[in-house]
Amino acid sequence: MTNPIFWVGVLTLAAIYASLAMALNVESGWGGMWDLGIAGLLAAGSYCYVILTADPDLGMRFAPGLSMWVAWPLSALFTGLVAFAIGAPALRLRREYFLITTLAFAEIIRQLVVIQADLTRGTLGVPNINRPFDSFVTGRDYNYVLLGIAVAAAAVMYLVTRQIGISPFGRTLRAARDNEAVALALGKRVNRMRIKTFVLAGVLIGATAPVYLFYIRAVSPQLFAPGITFTVWTALVIGGLGSIRGGLAGAFVLIVFTEAVGLIEVDPSHINILVAIEPFMVGLLLVLVLRFRPDGLFSERSAFGAGNRPAGRSAGDSRPAGAAQGSGG
Amino acid sequence: MELVLDTVRKTFGGVVAVDDVSAVMPQDRVTALIGPNGAGKTTLFNAITGFDPPDRGSISFGDQRIDGLPPWRVAELGLIRTFQTPVGFTTLTVRESLLAAATPHFAETPLGALGLSRKARDHERASGDRAEEISAELGMADLLDVRTDELSAGDRKLLEFARSLMAEPKMLLLDEPAAAVAPANIGRLSQLVRRLCDERGLGSLIIDHNLSFLMQIADEVHVLDRGALLASGPPAEIAANPDVMRVYLGEDGAKDSEA
Ligand SMILES: Nc1ncnc2c1ncn2[C@@H]1O[C@H](COP(=O)(O)OP(=O)(O)OP(=O)(O)O)[C@@H](O)[C@H]1O
Ligand SMILES: [Mg+2]
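Protein chains in written order, with the numbering used here: chain L, 5 to 333; chain D, 114 to 372.
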């Protein structure tokens, strides 16, 4: 078998994807806003962090050289602002148009990063991302520190999103997702609530961005191609859209599975076949999970009220009849 | 306080769905709105509640003009409607649906969710008690933990009503609340509607095709025919009105409760 450091890396990546999937679940699972712009928000948070912390010697036009502990929360807030700028217009659109619009915005952000080269170093990218504690722990041992950071971030994300899910706020989100007209008829400010939720998801994704950078160590625009959005979505769907633990479980299953496929030993001349087979295997995993657990590993149903309770009376209404009144006109 | 309609008109292409309707509905009375299928009753509800604003005319509630306001704003003013087709919050349980209806705005923000203020918790607990009370009164206490999409059509109809009671209404607008509801529960429903009005001054405007149900509880009846108001008056007077009889029997006869 491969060495433990490899698996430490895999688990770190899984924890990062788990954080992203749980953040996505808040807006898409409970909020019903199917967001295909995760990559864009992640890019916004990442570049904010990189620019704020970059070594001034790299020659970027704006490089305040802030401490990472200051830059980290600022990146989260900045990503929230970007989410607001995207969400305010996009949330006026119906679901399928919203989906395309968020995807387009993500690509626009990526192109902006390329074009604004004097600010971002464009396609050159920025090497040697500042990482916490790397002056104390060096070499291979740092991988364990990184795993600790990623797992702690995922744990915080779990607690935060779980609290949102079980709160009255989360309940109203699900209600408005299920039936917008009824929510409006009850006085819910559906649009305002959705924008807030979209911004919240942006903040959560922005807060995860630096952890992703600690893992990648260098940033460049091609990191934020749409592929990452689809990986996060796949993780969430496998784990269970709308559940509480789904994003967490789905990301670990998906990432460990994907990395394990990469480990299959083949003759070097066949390595390109293995690479080609990877997405196919991911697709197969998705199909298998959805075939046997259509709601994902954890379902929304098991997460909330109606878990294992008996089903309701069937149509026909077999209630014992009391004083019958008012039968017709 | 009253709900006042002044020459309200709504057309869909060439169809005049609501034809210059003027009426005054006291907020603390039970008012019935009847008329054959397609008379424009639901369209009028949509106009009042901001879902489909009128082409012209004005609508006010108390001293506030409400035509042109968004639905959530009309609801905030206390006009709470139900829907003719009871879909509801499909994946929420009955209890969750009732609680969601009662959740105040201050608890409906991300920070509200994280902080969970004491005020919000007290509100939540009080709402929980009220949800149990209301569902018991409607004979659906045993359904509290059943998902909405697993309820029978009649129970979903009752849920529409129960949910609107949770939203601190000043006046209810009920679109065919008795349709598909089991006879025993229609009895509970009429008693509750009447009692809310008599004891708490919570009036309602009720559309239904079940005339015996309506005639028992209504203080006043308005009859809509092809968009226009045909007659208004106390139930006994309406029942004796030959024009009303003609509209009901002339079309395709009186509608039964399952319409
Ligand atoms: N959105 C719409 N677009 C076009 N026509 C509509 C629309 N809504 C209603 N109508 C038409 O307006 C008229 C009134 O319909 P409405 O639903 O208000 O009747 P109703 O009195 O509620 O009938 P029912 O008792 O069957 O519920 C009908 O002719 C209907 O076809
Ligand atoms: Mg109707």
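Where a beta carbon is used, it is the ideal one built from N, C-alpha and C, also for glycine.
Worksheet item: Looking at D/ILE319 and ligand 3, is the gap between the Cβ and the nearest heavy atom below 7 Å?
Response: As for ligand 3, it is missing from this structure, which binds only ligand 1 and ligand 2.
Worksheet item: Is the shortest distance between the beta-carbon of D/PHE407 and the beta-carbons of chain L less than 8 Å?
Response: No answer is possible for residue 407 of chain D: it lies beyond the span of chain D, which begins at 114 and ends at 372.
Worksheet entry | Contact check, L/MET72 vs L/ASN134, beta carbons under 8 Å | By the CB criterion at 8 Å, L/MET72 and L/ASN134 fall inside the cutoff.
Discussion item. Let me check understanding here. Comparing Cα to Cα, which of D/PHE164, D/PRO149, D/GLY175 and D/VAL129 lies closest to D/LEU118?
Written reply: Shortest Cα-Cα distance from D/LEU118 to any of D/PHE164, D/PRO149, D/GLY175 and D/VAL129 involves D/GLY175.
Worksheet entry | Length of the line joining the Cα atoms of D/GLU250 and D/ASN298 | Going by C-alpha positions, D/GLU250 is about 10 Å away from D/ASN298.
Discussion item. Please report the distance separating the alpha-carbon of D/PRO355 from that of D/TYR361.
Written reply: Straight-line Cα distance between these residues: approximately 10 Å.
Worksheet item: Looking at the C-beta of L/PRO77, does it have a partner C-beta in chain D at a distance below 8 Å?
Response: It does not: the Cβ of L/PRO77 has no partner Cβ on chain D nearer than 8 Å.
Worksheet item: For chain L, is any of its Cβ atoms less than 8 Å away from the one on D/PHE174?
Response: No - not a single Cβ of chain L is within 8 Å of the one on D/PHE174.
Practice prompt. Decide if D/ASP235 is buried, meaning its Cβ has at least 16 other Cβ atoms within 10 Å, or exposed.
Written response: It counts as exposed.
Practice prompt. Output, in chain order, the set of chain D residues within a Cβ distance shorter than 7 Å of L/ASP182.
Written response: When 7 Å is used as the limit between beta carbons, L/ASP182 is near these residues of chain D: PHE202, THR203, THR204 and LEU205, in chain order.
Item to complete: For L/ILE259, count neighbouring C-beta atoms within 10 Å of its own C-beta (all shown protein chains included) and say buried if the count is 16 or more, exposed if not.
Response: L/ILE259 comes out buried.
Practice prompt. Give every residue of the same chain whose Cβ lies closer than 6 Å to the Cβ of L/THR233, excluding the five residues on either side of it in the sequence, and list them in chain order.
Written response: Closer than 6 Å at the Cβ level, and outside the excluded window around L/THR233, lie LEU40, ILE42 and ALA43.
Worksheet entry | Under 8 Å (Cβ pairs) to chain D, residues found in the region 188 to 200 of chain L | Within the region 188 to 200 of chain L, those residues whose Cβ lies closer than 8 Å to any Cβ of chain D are, in chain order, LEU188, ALA189, LEU190, GLY191, LYS192, ARG193, VAL194, MET197 and LYS200.
Worksheet item: Within 8 Å (strictly less), CB to CB, does L/SER50 reach chain D?
Response: For L/SER50, the closest Cβ of chain D is not nearer than 8 Å.
Worksheet item: Quick one: which chain L residues come within Cβ less than 7 Å of D/GLY225?
Response: Against D/GLY225, the close residues of chain L are PHE173, in the order they occur along the chain (beta-carbon pairs closer than 7 Å).
Worksheet item: chain D partners of L/ALA179, CB-CB under 8 Å?
Response: From the beta-carbon of L/ALA179, the residues of chain D found nearer than 8 Å are PHE202, LEU205, GLU209, SER210 and ALA213.
Discussion item. Would L/GLY300 and L/LEU245 qualify as a contact pair, given that the criterion is a beta-carbon distance under 8 Å?
Written reply: Going by C-beta atoms, L/GLY300 is nearer than 8 Å to L/LEU245.
Worksheet item: Quick one: does D/ASP311 have its CB under 8 Å from some CB of chain L?
Response: Using beta-carbon distances, D/ASP311 does not count as an interface residue toward chain L, since no partner is under 8 Å.
Worksheet entry | Closest residue to L/GLU184 among D/ARG122, D/VAL128 and D/PHE164 (Cα-Cα distance) | The shortest C-alpha separation from L/GLU184 is found at D/PHE164.
Discussion item. Using a Cβ-based criterion (distance less than 7 Å to any ligand heavy atom), does D/THR156 qualify as near ligand 1?
Written reply: True, at least one ligand heavy atom lies under 7 Å from that Cβ.
Discussion item. Taking only three categories from DSSP, how would you classify D/THR206?
Written reply: D/THR206: strand per DSSP, three-state reduction.
Discussion item. Assuming D/SER210 and D/LEU272 are in contact, meaning their beta carbons sit under 8 Å apart, how far apart are those beta carbons, in whole angstroms?
Written reply: At roughly 6 Å, the Cβ-Cβ gap stays under 8 Å, so D/SER210 and D/LEU272 are in contact.
Item to complete: Report yes or no: do three or more beta-carbon pairs, one from the region 154 to 171 of chain D and one from the region 119 to 137 of chain D, lie closer than 8 Å?
Response: Contact annotation: the region 154 to 171 of chain D touches the region 119 to 137 of chain D, with at least three C-beta pairs closer than 8 Å.
Item to complete: Whole angstroms is fine: what's the gap from D/PHE326's alpha carbon to L/GLY191's?
Response: Cα to Cα, D/PHE326 sits roughly 29 Å from L/GLY191.
Discussion item. Please tell me whether, using a cut-off of 7 Å, the distance from the CB of D/VAL128 to the nearest non-hydrogen atom of ligand 1 is below it.
Written reply: Distances between the C-beta of D/VAL128 and the heavy atoms of ligand 1 include at least one below 7 Å.
Discussion item. Measuring only from the beta carbon, is D/GLY148 closer than 7 Å to any heavy atom that is part of ligand 1?
Written reply: Yes, Cβ of D/GLY148 sits closer than 7 Å to a heavy atom of ligand 1.
Fill in: Neighbour-count burial assignment, L/THR262, 16 or more Cβ in a 10 Å radius
Answer is buried; the Cβ neighbour count reaches 16.
Fill in: Residues within the region 144 to 171 of chain D neighbouring chain L, beta-carbon criterion of under 9 Å
Under the 9 Å Cβ criterion, the region 144 to 171 of chain D contributes ILE147, THR162, GLY163 and PHE164.
Worksheet item: Is the beta carbon of D/ASP408 within less than 7 Å of some heavy atom of ligand 2?
Response: Residue 408 of chain D cannot be examined here, being either before or after the span of chain D that is shown, 114 to 372.
Discussion item. Using a Cβ-Cβ distance cut-off of 8 Å, determine whether D/MET358 contacts chain L.
Written reply: For D/MET358, the answer is no, since every Cβ of chain L falls outside 8 Å of its Cβ.
Practice prompt. Could you check if L/PHE4 is buried or exposed, using at least 16 other CB atoms within 10 Å of its CB as the buried criterion?
Written response: The shown model of chain L, from 5 to 333, leaves out residue 4 of chain L, and the question about it has no answer.
Worksheet entry | Those runs of the alpha helix (DSSP H) which lie wholly inside the region 53 to 124 of chain L and span at least 4 residues | Runs of the alpha helix (DSSP H) inside the region 53 to 124 of chain L: 72 to 94, 99 to 119 and 121 to 124.
Item to complete: Look at D/LEU286 and D/ILE193 and say whether their C-beta atoms are less than 8 Å apart.
Response: D/ILE193 is positioned such that its CB atom lies closer than 8 Å to that of D/LEU286.
Worksheet item: To which residues of the same chain is D/VAL129 closer than 6 Å at the C-beta, ignoring the five residues directly before and after it?
Response: The residues are GLY340.
Discussion item. Taking 8 Å as the limit between beta carbons, can you name the residues of its chain near L/VAL223, skipping five residues before and five after?
Written reply: Apart from the 5 residues on each side of it in sequence, L/VAL223 sits with its Cβ closer than 8 Å to the Cβ of SER50, TYR51, VAL54, GLY129, VAL130, ILE133 and LEU217 in its chain, given in chain order.
Practice prompt. Can you tell me which of the three DSSP states D/ASP235 falls into?
Written response: Reduced to three states, the DSSP call for D/ASP235 is helix.
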